[in-house]
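Residue numbers (the working numbering): 9 to 151.
Note that CB positions come from ideal geometry on N, CA and C, so glycine has one too.
On a predicted model such as this, the values are computed, not experimentally measured, just so you know.
Input: a single structure, listed below in structure tokens.
Here it is, written out as structure tokens:
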């Protein structure tokens, strides 16, 4: 399968649209971006400021894509203590650490916490659920 030739297409597009492709290349096919850059060069457009803007945008997005190293240690400790005591608060804190997500540039989502913290949240939820269920059973069975 051969790649589509975007050269004729970009000749018909306004410069503003082509500049958008240069600044936000992740929204376009790679071949389109290359053809847009070439066409803007033929039109005499100085691409340097737009390429700098693209670099800054990419650095910003890369920074957002990295989840936090870990959750708050005091909150993790409080969650485990609450889970061990059978409190629903521990389950909720565990749920937060396990499933919390963040928006990236208003569109893309990613996990807020790294895998280790998400795993701790899952363990916290399980412990809290088991203890909570055991307390309910003992309360209603008189054990």
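ask   = Nearest-angstrom Cα distance between residue 110 and residue 118?
value = By one-based count along the chain shown, residue 110 stands at place 102. By one-based count along the chain shown, residue 118 stands at place 110. Distance between the alpha carbons of residue 110 and residue 118 is about 5 Å.
ask   = Hey, is residue 85's beta-carbon within less than 8 Å of any beta-carbon in chain C?
value = Of the chains in the structure shown, none is chain C; there is only one protein chain.
query = Apart from the five residues just before and just after residue 29, which ones in its own chain have a Cβ nearer than 7 Å to its Cβ?
reply = Stepping through the chain shown from its first residue, residue 29 is reached at position 21. Within the same chain, residue 29 has close Cβ partners 36, 40, 41, 44.
ask   = Between 13, 97, 53, which lies nearest to residue 25 when the distance is taken from Cα to Cα?
value = The residue you call residue 25 lines up with position 17 of the chain shown. If we check each option's Cα against that of residue 25, 53 comes out closest.
Proximity of residue 91 and residue 84 at Cβ, strictly below 8 Å = If you number the chain shown from 1, residue 91 lands on position 83. If you number the chain shown from 1, residue 84 lands on position 76. No, they are not a contact pair.
ask   = Is the CB-CB distance between residue 33 and residue 62 below 8 Å?
value = On the chain shown, residue 33 is found 25 positions in, with the first residue counted as 1. On the chain shown, residue 62 is found 54 positions in, with the first residue counted as 1. It is a contact, given that the beta carbons lie within the stated cut-off.
key: First and last residue of the uninterrupted alpha helix (DSSP H) at residue 16   = Counting from one through the chain shown, the residue named residue 16 turns up at place 8. Counting along the chain, the alpha helix (DSSP H) containing residue 16 begins and ends at 15-20.
key: Under 8 Å between C-beta atoms of residue 143 and residue 87   = Indexing the chain shown from 1 puts residue 143 at position 135. Indexing the chain shown from 1 puts residue 87 at position 79. No. Outside cutoff.
task = Give the DSSP-derived three-state secondary structure of residue 107 in the structure shown.
result = Counting from one through the chain shown, the residue named residue 107 turns up at place 99. Note: residue 107 maps to helix in three-state DSSP.
request  = Output the boundary residues of the alpha helix (DSSP H) element that contains residue 82.
outcome  = Looking up residue 82 in the chain shown gives position 74. Residue 82 -> alpha helix (DSSP H) spans 81-92.
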